[in-house]
Amino acid sequence: MVIVDDLHLVKDIVESCDYQRRHLFNAVIVALLSKAHAAGQRLAFSTDNAPPPLANRAHTWDICDFTPADYQAICSAYFDPAIARRLDFGEIHRFAPNLNAHQLRKASVWLSHELGADTARFIEYLTTHNLASNVEIEEVEPVDWNDLRGVDDVIEALEAKIALPLEDRVLAAELGLKPKRGVLLAGPPGTGKTTIGRALAHRLKSKFFLIDGTMIAGSANFYSSVNRVFEAAKRNAPAIVFIDDADVIFEGEHGERGLYRYLLTMLDGLESESAGRVCVMMTAMEASSLPAAILRSGRVELWLETRLPDEAARASIFRDKISCLPATIGAADVAVLAAASRGLTGADLKAAVEDGKLLFAHDKANGKQLKAPEQYFLAAIETIRRNRRTYTKKKRPQLTEALSIGFKAE
Ligand SMILES: Nc1ncnc2c1ncn2[C@@H]1O[C@H](COP(=O)(O)OP(=O)(O)OP(=O)(O)O)[C@@H](O)[C@H]1O
Ligand SMILES: [Mg+2]
C-alpha cells in the first residue's frame with residue numbers, strides 16, 4: 002500500500018501557478034488510480050477535500066469534528082491531571098469549536114508549564130495566538146472605541162449586535178443569540194470605517210477575518226484566498242468577516258462578480274449551521290455603490306452610517322490630539338478650531354493636527370516669533386480646504402456626489 006499524505010498541499014502547488022492549469026491535477030490523479038488498479042496496488046490518500054476523481058472512485062471516510070470529550074482526551078495527554086480537571090472543555094469548545102489536534106497540542110504543551118492554567122487562560126491563549134484569524138494583530142494600529150468621536154450610535158449598535166453575541170458565550174448560548182448576518186457600514190471617505198474594523202480586530206482577535214484590496218492586488222488566486230478566509234471564519238464561528246471597501250472590490254477592474262455571487266450564497270444562509278454564525282461586515286462610501294441584489298434582498302440586516310463629525314465631535318477630536326502636546330502649542334483653543342473645521346472628516350482633522358505641528362516646529366526651529374497656537378492649526382485647516390476644493394473639482398462625478406452628501410449631513 003502507498004500512503005499519500007496531505008494531498009491538498011500538492012493540489013495547492015499545482016493550482017497556484019500564474020498560468021491556467023485547470024484539471025491538470027485531476028488528470029494526474031486519474032492516471033495514478035488507473036495505474037494502481039492495473040498493478041493491483043492500494044493507495045490511501047489523506048486530504049482536506051477530496052478532488053472529484055477521488056470522491057468518485059475511492060472509498061472515503063470523513064473524520065468528524067472534535068467534541069468537547071475529544072478536546073479533553075487530546076489535551077489531557079499533555080497536562081498534569083490536576084490542571085486537566087480544572088479545565089472546562091465545554092467552554093473551550095464553545096469558544097473555538099473547530100480546533101485541530103495540532104492546535105490543541107500546541108496550546109496544551111505551552112500552558113502545561115503554567116501552574117495556574119485554567120479555562121480563562123486557555124481561551125486567552127487561543128485568542129492571542131491568532132489560531133485562526135488572517136490578521137496579524139500586532140501589525141494593526143491599536144485603536145478602541147474611545148478614539149472615535151461622533152459615532153456613538155454606530156458603536157452602540159456594534160456593541161449590542163455584533164460584539165456581545167460574539168464575546169459573551171454564556172449569554173449567547175443561553176438566549177440563542179446570533180450576531181447579525183450581514184452588516185453594511187457606509188459613510189464618506191475618512192469618517193472612520195476602517196478604524197472601526199481595526200477596533201473590532203483588537204476586540205475580537207482570533208474571531209476577526211479581513212478581506213481587503215490587498216488580496217486582489219497581491220494574489221493571482223483571489224477567489225481561493227477569499228474562500229479560504231470564509232472557510233477559516235466558519236471553522237472558528239461565531240466569527241466576523243470584514244470586507245473593507247467592498248464597493249471598490251465589487252467595481253474592481255475585472256468586476257469581481259464571482260465574489261459577489263459567493264457573498265450572496267453566504268448571506269443566504271443556505272449553508273451549514275456554522276456559516277449561519279459568520280457575520281459579514283462590508284464597508285462602502287455609499288450604499289448605492291454596492292450591487293443592488295445584495296441590498297435589495299434583505300441580506301444586509303444592519304445598516305450603519307458613519308458621518309462627518311459635528312462641532313462637538315470635532316472639538317473632542319482636537320482635544321484628544323492637541324491637549325497632550327507641550328503648552329506652547331497644546332494650549333490651542335479647540336472651540337475655535339472646531340468652529341473653523343465644519344465639513345471636514347475625522348481623517349482631515351487628524352491631518353490638520355499633524356500639519357499644524359509641522360508649521361509650529363518650522364517657526365520654532367527657525368527662531369521666529371511664535372504665533373498664537375491655534376493659528377498653526379487654522380492655517381493647516383485652510384490648506385486642507387483648498388486642496389479639497391481643487392480635488393473635488395477634478396473628481397469623478399460619483400465621488401463628488403458622495404462628498405456633497407456628506408457635507409450636507411451636518
Ligand atoms: N469619528 C472619528 N473620530 C476620530 N478620528 C476619526 C474619526 N473618523 C476618522 N478618524 C480618523 O481618520 C483617519 C482615517 O479614518 P478611516 O481610514 O477609518 O476612514 P474610512 O472611513 O475608512 O475612509 P475611506 O472611505 O477613505 O476608506 C483615521 O486615522 C481615524 O483615526
Ligand atoms: Mg477605509
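All residue numbers for the sequence shown refer to my numbering, where the first residue is 2 and numbers rise by one.
Just so you know, even glycine gets a beta-carbon here, dropped at the ideal spot from N, CA and C.
query: What are the boundary residues of the beta strand (DSSP E) that Thr284 is part of?
result: 279–285
query: By how many angstroms is the C-alpha of Arg43 removed from the C-alpha of Ser35?
result: 11 Å
field: Among Glu168, Leu201, Arg278, nearest to Phe1 - alpha-carbon criterion
entry: Because residue 1 is not part of the residues shown, which for the chain are 2 to 411, the question remains open.
- prompt: Does the distance from the CB of Gly357 to the CB of Phe378 come in under 7 Å?
  reply: yes
- request: Starting from the Cα of Leu8, find the closest Cα among Ala56, Gly347, Phe209 and give me that residue.
  value: Ala56
- request: Closer than 7 Å by C-beta to Trp111: which residues in its own chain qualify, once you throw out the five before and the five after it? Chain order, please.
  value: Tyr126
- prompt: Which class does Ala238 belong to by DSSP, given the choice of helix, strand or coil?
  reply: coil
- prompt: Can you give, in chain order, each stretch of the alpha helix (DSSP H) that sits fully within the stretch 325–366 and has at least 4 residues?
  reply: 328–331, 335–341, 347–366
field: Continuous beta strand (DSSP E) stretch holding Trp304: start and end
entry: 303–306
query: Is any heavy atom of ligand 2 found at a distance shorter than 6 Å from the C-beta of Thr195?
result: yes
- prompt: With a cut-off of 8 Å, do at least 3 Cβ pairs link the stretch 297–308 to the stretch 143–157?
  reply: yes
task: With Val171 as the anchor, note down where its alpha helix (DSSP H) starts and where it stops.
output: 170–176
task: Thinking Asp424 and Thr284 are a contact (beta carbons under 8 Å), I'd like their distance in whole angstroms, please.
output: No answer is possible for residue 424: the residues shown for the chain start at 2 and end at 411.
- prompt: Which residue's Cα is closest to the Cα of Ala348: Arg150, Asn101, Arg390, Gly331?
  reply: Arg150
- request: Return yes when the Cβ of Ala234 is within less than 7 Å of the Cβ of Arg279, no when it is not.
  value: Strictly speaking, residue 279 in this sequence is Val, with Arg absent from that position. Going by C-beta atoms, Val279 is nearer than 7 Å to Ala234.
- prompt: What does a CB cutoff of less than 8 Å around Phe80 pick up in its chain, not counting 5 residues either side in sequence?
  reply: Leu88, Ser109, Leu112, Ser113, Ala118
query: Who pairs with Ile244 in a beta bridge, going by DSSP?
result: Ile212, Met283
- prompt: In whole angstroms, what is the alpha-carbon distance linking Ala85 and Gly91?
  reply: 13 Å
query: Quick one, are the C-beta atoms of Ile241 and Phe209 less than 7 Å apart?
result: yes
field: Simplified DSSP state of Val11, which is helix, strand or coil
entry: helix
- request: Report the rounded CA-to-CA distance for Ser17 versus Asn135, giving the unit in angstroms.
  value: 19 Å
message: What does the alpha-carbon distance come out to for the pair Ala341 and Phe319?
response: 12 Å
query: How is the alpha helix (DSSP H) around Gly198 delimited, first residue to last?
result: 194–205
Helix, strand or coil at Ile156 according to DSSP, with G and I counted as helix: helix
- request: Please indicate yes or no: does the CB of Gly344 lie closer than 6 Å to some heavy atom of ligand 1?
  value: no
query: How big is the Cα-Cα spacing for Ala380 and Asp334?
result: 14 Å
- request: Tell me whether the beta-carbon of Val230 lies closer than 7 Å to the beta-carbon of Ile212.
  value: yes
query: Run through DSSP, which three-state label would Leu371 get?
result: coil
field: Where the beta strand (DSSP E) through Leu186 begins and ends
entry: 183–187
field: Candidates Leu205, Asp148, Leu371, of which the one nearest Lys351 by Cα
entry: Asp148
query: When you compare only the Cα positions, how much space is there between Phe26 and Ile64?
result: 24 Å
Limits of the unbroken alpha helix (DSSP H) element including Leu296: 293–297
- prompt: Among all the DSSP beta bridges, which residues are the ones paired with Phe46?
  reply: Val5
query: How would you call Lys206, buried or exposed, if buried means at least 16 neighbouring beta carbons within 10 angstroms?
result: buried
- prompt: Around the Cβ of Gln424, are there at least 16 other Cβ atoms within 10 angstroms (buried) or fewer (exposed)?
  reply: In the structure displayed, the chain extends from 2 to 411; residue 424 sits before or after that span and is not available.
- request: Taking the CB atoms as reference points, tell me whether Glu302 and Arg182 lie closer together than 7 Å.
  value: yes
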